[in-house]
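Remarks on the structure that follows.
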Amino acid sequence: MLIKPEEYMHDELPIISKPYLHKQSGAFRYADCLDISRINMLSFTYLGGLFFQKPNKSLKVKLNLSVTPDGKVNNELGSITTYTVNDKSKAFRRQLIGVYNTGKKYNIRAYVYHMTQIKEWLSEHNISIEKVTFQSGIPVAHSHKSSTLSQYRLKDCFNTIICDLDGIPRGIFITIGDFSAGSDIEYIESETAKSGDSKVAKFEIDIDAVVDKYLD
Numbered sequence: 110m111l112i113k114p115e116e117y118m119h120d121e122l123p124i125i126s127k128p129y130l131h132k133q134s135g136a137f138r139y140a141d142c143l144d145i146s147r148i149n150m151l152s153f154t155y156l157g158g159l160f161f162q163k164p165n166k167s168l169k170v171k172l173n174l175s176v177t178p179d180g181k182v183n184n185e186l187g188s189i190t191t192y193t194v195n196d197k198s199k200a201f202r203r204q205l206i207g208v209y210n211t212g213k214k215y216n217i218r219a220y221v222y223h224m225t226q227i228k229e230w231l232s233e234h235n236i237s238i239e240k241v242t243f244q245s246g247i248p249v250a251h252s253h254k255s256s257t258l259s260q261y262r263l264k265d266c267f268n269t270i271i272c273d274l275d276g277i278p279r280g281i282f283i284t285i286g287d288f289s290a291g292s293d294i295e296y297i298e299s300e301t302a303k304s305g306d307s308k309v310a311k312f313e314i315d316i317d318a319v320v321d322k323y324l325d
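This is the structure we're talking about:
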């Protein structure tokens, strides 16, 4: 009889190693993922990613990050993907219910915090909240080590695409635990776009600037 081993935390980085049953070998292995309870603004050395927009599809954000001192993307953690939808839609409400057991977003402390940070960011950039709409979603964590960890939503995390009134994405705002930051997006040509039906944009968060503001 197999006994599932205990999960354990990294001593310095906000990483937790979770055991999973490897079907091919029949033995338990470990996969690393973010430990949201220990995330803060000083944890990250790099944060950026790609944003995909297809006609009549949810907006998809692929977030790459690093919590390692060398500043390289931590591939062991995999990536965080968010499927964002209109924050007033039933689809977003279903995401909330799946994680928080309620669809009332303003009863969720993490969402209220996320939106408060967005409003401050918009104000700093002289953007009126009446001139934008929001596409929001709860990130889904992925691990390259195990498909068993590839479909769990990260609690206390939200990603929001900020669009103009014509529905064109202009910026992105990310909240992971108590880390919050926004960025403009830059449209790029991408080989991954099929038949020109996808718009692809990239973004990168200036970690130093975020940390400086945090320390002030």
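Numbers in the numbering used here are just positions in the sequence shown, counted from 1, shifted up by 109.
Here a beta-carbon is modelled for each residue, glycine too, at the ideal position from N, C-alpha and C.
- Per DSSP, reduced to three states, the secondary structure at L130 is strand.
- Exclusion of the five residues before and after L263 leaves L143, I145, I189, I247, P248, V249, A250 and I285 as the residues of its chain whose Cβ lies within less than 8 Å of its Cβ.
- Under DSSP, G280 shares a beta bridge with I271 and D293.
- Within the region 178-247, complete alpha helix (DSSP H) segments of at least 4 residues are found at 199-209 and 218-233, given in chain order.
- For D141, the enclosing beta strand (DSSP E) covers residues A136 to L143.
- Rounded to whole angstroms, the gap between the alpha carbons of R138 and L168 is 33 Å.
- With fewer than 16 other Cβ atoms inside 10 Å of its own Cβ, S237 counts as exposed.
- When C-beta atoms of the region 307-321 are compared with those of the region 149-157, three or more pairs fall below 8 Å, so the two segments count as touching.
- Burial of V170 is indicated by the presence of at least 16 other C-beta atoms within 10 angstroms of its C-beta.
- Excluding residues up to 5 positions away in sequence, V320 lie with their Cβ nearer than 7 Å to the Cβ of L151 in the same chain.
- Contact annotation: F282 and I294 have beta-carbon atoms that are not nearer than 8 Å.
- Residue range Y155 to Q162 is occupied by the beta strand (DSSP E) that includes G157.
- Around the CB of S134, fewer than 16 other CB atoms lie within 10 Å, so the residue is classed as exposed.
- Of the candidates Q204, A310, E239 and K322, Q204 places its Cα closest to the Cα of C266.
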